[in-house]
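See structure below.
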Amino acid sequence: MKRLVVYYSFSGNTRAMAKRIARALRADIAEIRTIKTYPDDLDVLLGLAKREIESGYMPQIVPLSVDASKYDVIVLGTPIWWNSFSPAVKKFASSISWKGKTVYPFSTNDKGAGHAQSDFKKALRGATVAPLLNLKFDEKTLLTPLSEINEWLLGISK
Ligand SMILES: Cc1cc2nc3c(=O)[nH]c(=O)nc-3n(C[C@H](O)[C@H](O)[C@H](O)COP(=O)(O)O)c2cc1C
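In this note's numbering, each number is its position in the sequence shown, counted from 1, plus 19.
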């Protein structure tokens, strides 16, 4: 059974990690893209994202390039926005049935994953949700040791 790496990325960190993970797992890969692009101005984006997350708003997303419902194992990547997964990932999570699937979530951020793990468990109802791999960045530089990522990858390829 082929595995799928699905991710959203605003500024590239999650995309870079998703590509690396998909290559290591020889998995298929698909990007979640919003129909309306978010503003580039960070202060405007922070305010908009806060309002979206607090209200539970989910932006419209472009249909994925693959049918995610066909995969039993999904690696799901997100940047942390206001201590949770991004609204685009929330939208994707609400768009398929998770029953019987195993999900390996990962996040990128500069402070920490906040409550993303428990939010994923709630959003992916019916799935077995593995412990979140949290990848710390300083701007564009990955701080998490590669050994930690490799160990996590071993758990998926078993
Ligand atoms: C709107 C917004 C909210 C963010 N909130 C958090 C946060 O709560 N905690 C944190 O550690 N990083 C936060 N960040 C930083 C991002 O999670 C981090 O830069 C991430 O690696 C970006 O991933 P991307 O390049 O794939 O978009 C936030 C960034 C943005 C744009």
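Quick reminder that beta carbons are idealized off the backbone N, C-alpha and C, glycines included.
Which residues bound the beta strand (DSSP E) around residue i?
i, result
"residue 157", "152-157"
"residue 98", "92-98"
For residue i, does the count of other Cβ atoms within 10 angstroms reach 16, so buried, or fall short, so exposed?
i, result
"residue 138", "buried"
"residue 48", "buried"
"residue 54", "exposed"
To the nearest angstrom, how far is it from the Cα of residue i to the Cα of residue j?
i, j, result
"residue 88", "residue 158", "33 Å"
"residue 170", "residue 38", "17 Å"
"residue 30", "residue 134", "21 Å"
"residue 107", "residue 142", "13 Å"
"residue 57", "residue 122", "27 Å"
"residue 164", "residue 155", "9 Å"
Can you tell me where the alpha helix (DSSP H) holding residue i begins and where it ends?
i, result
"residue 61", "61-74"
"residue 33", "32-44"
"residue 138", "135-142"
"residue 169", "165-176"
Taking 6 Å as the limit between beta carbons, can you name the residues of its chain near residue i, skipping five residues before and five after?
i, result
"residue 69", "101"
"residue 124", "95, 139, 151"
Spatial neighbours of residue i within its chain, please: CB distance less than 8 Å, with the 5 preceding and 5 following residues excluded, ordered by chain position.
i, result
"residue 128", "98, 99, 153, 154, 155, 156"
Write down the C-beta distance between residue i and residue j rounded to the nearest angstrom, noting that I regard them as a contact closer than 8 Å.
i, j, result
"residue 72", "residue 110", "12 Å between Cβ atoms; not a contact."
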